[in-house]
Amino acid sequence: MKGVVAAGHPLSTEAGARILREGGNAVDAAVAACLMSFACESPLTGPGAGGFMLVHTAGGEDVLLDFFVAAPGLGLGVDAPAPAALVPIEIEFSAEATQVFNVGASSCGVPGTLLGLAEALERFGSVGLGELCPSAALAAREGVALRPTQAYLHQLLTPILNSRAEGAALYEPAGRPLGPGEVLRLPELGDLLERVGAEGPDFVYRGDV
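Read left to right, the sequence shown gives residues 82 to 290 (our numbering).
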């Protein structure tokens with residue numbers, strides 16, 4: 082089918098466009114592009130994220146899928162453990178514009194993206210996660226060369242990305258932020274996406290992840 086794909090990275094755009102060329106529909110293409118963005122734009126999105134999708138069907142129906150993150154801990158009693166302390170990190174966008182981001186375990190919402198994408202495909206798609214996840218998994222494992230915009234974002238968010246040793250090992254493997262043209266590899270993300278393609282997303286919520 083004919084269509085236009087807009088995304089934040091050329092690989093995400095191409096992932097969606099390829100699905101259209103192969104006969105998929107707009108929802109298939111949107112999900113493919115989103116999955117690829119996990120590997121290309123990981124500081125902004127990923128399996129732990131949330132979102133919305135507005136679908137306009139061929140029959141003229143408008144459907145909004147809401148899979149935004151949810152605050153954890155609802156229903157816990159007064160004896161529940163106290164939440165971990167938030168860690169405030171100030172990001173300087175410019176000399177005149179700064180913003181404090183609170184990071185750490187207590188900043189994490191219950192993710193909705195994977196279930197939302199699966200729901201979108203089930204209701205409106207023509208292919209499944211098994212067909213769409215492998216390309217994104219391969220990109221995560223082999224790595225994606227940072228474009229200048231992504232490298233700038235990594236530089237800007239360095240205090241957050243390297244706030245834990247695990248993050249620093251991925252985003253600063255040489256002890257400094259990756260620059261334009263350098264390759265970001267996320268092998269564990271590749272493993273996760275491969276498993277999502279094979280099993281669906283339920284294990285992310287009920288299993289060992």
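Where is the CB? At the ideal position from N, CA and C, for every residue including glycine.
Secondary structure at residue i, three-state DSSP: helix, strand or coil?
i	result
threonine 179	strand
methionine 117	helix
phenylalanine 174	coil
glycine 156	coil
valine 225	strand
valine 86	coil
glycine 248	helix
proline 240	helix
valine 290	coil
Taking the alpha helix (DSSP H) that residue i belongs to, which residues open and close that run?
i	result
histidine 235	229–237
aspartate 272	268–280
glycine 97	91–102
phenylalanine 149	Per DSSP, phenylalanine 149 belongs to no alpha helix (DSSP H) and is neither H nor E.
Could you name the residues of the same chain whose beta carbon sits closer than 6 Å to that of residue i, not counting the 5 residues immediately before and after it, in chain order?
i	result
arginine 271	According to the sequence provided, residue 271 is glycine. The question's arginine does not apply to it. Answer for glycine 271: Ala218, Ala221, Arg222, listed in chain order.
aspartate 153	Contrary to the premise, residue 153 reads as proline rather than aspartate in this sequence. Hits under 6 Å: Val191.
alanine 166	none
glutamate 95	none
proline 42	Residue 42 lies beyond the range of the chain shown here (82 to 290); nothing can be said about it.
valine 181	Pro169, Glu171
I'd like to check one pair, residue j with residue i: are the Cβ atoms closer than 8 Å?
i	j	result
proline 229	proline 261	yes
isoleucine 172	serine 244	no
glycine 141	glycine 190	no
leucine 202	valine 108	yes
alanine 113	glycine 97	yes
leucine 92	methionine 117	yes
glycine 239	proline 258	Just to set this straight, residue 239 is threonine in the shown sequence, not glycine. Cβ atoms of threonine 239 and proline 258: closer than 8 Å.
leucine 265	glycine 197	no
alanine 139	glycine 193	no
glycine 185	valine 159	no
serine 187	proline 164	yes
Near residue i, which residues of its chain fall below 7 Å by C-beta distance, leaving aside the five closest residues on each side in sequence?
i	result
leucine 195	Pro128, Val277, Pro282, Val285
leucine 242	Pro124, His235, Gly248, Tyr252
cysteine 115	Leu198
alanine 179	The question names alanine, but residue 179 is threonine in the sequence shown. Result list for threonine 179: Glu171, Ile172, Glu173, in chain order.
glycine 84	Leu101, Ala107, Ala110
leucine 210	Ala199, Leu202, Val277, Gly278, Gly281
Which residues in the same chain as residue i place their Cβ atom closer than 8 Å to its Cβ, once the five residues preceding and following it in sequence are excluded?
i	result
glutamate 263	Ala226, Leu227, Ala232
aspartate 143	Leu135, Val136, His137
asparagine 106	Met82, Phe205, Gly206, Ser207
valine 290	Leu273, Phe284
Does the beta-carbon of residue i, which I'm using as the reference point, lie nearer than 7 Å to any heavy atom of the ligand ATP?
i	result
glutamate 142	This structure lacks the ligand ATP; in fact it carries no ligand of any kind.
Can you give me the start and stop residues for the beta strand (DSSP E) that residue i sits inside?
i	result
valine 136	132–137
Run through the segment 178–219 for me and flag every whole beta strand (DSSP E) of 3 or more residues, listed as ranges in chain order. 179–184
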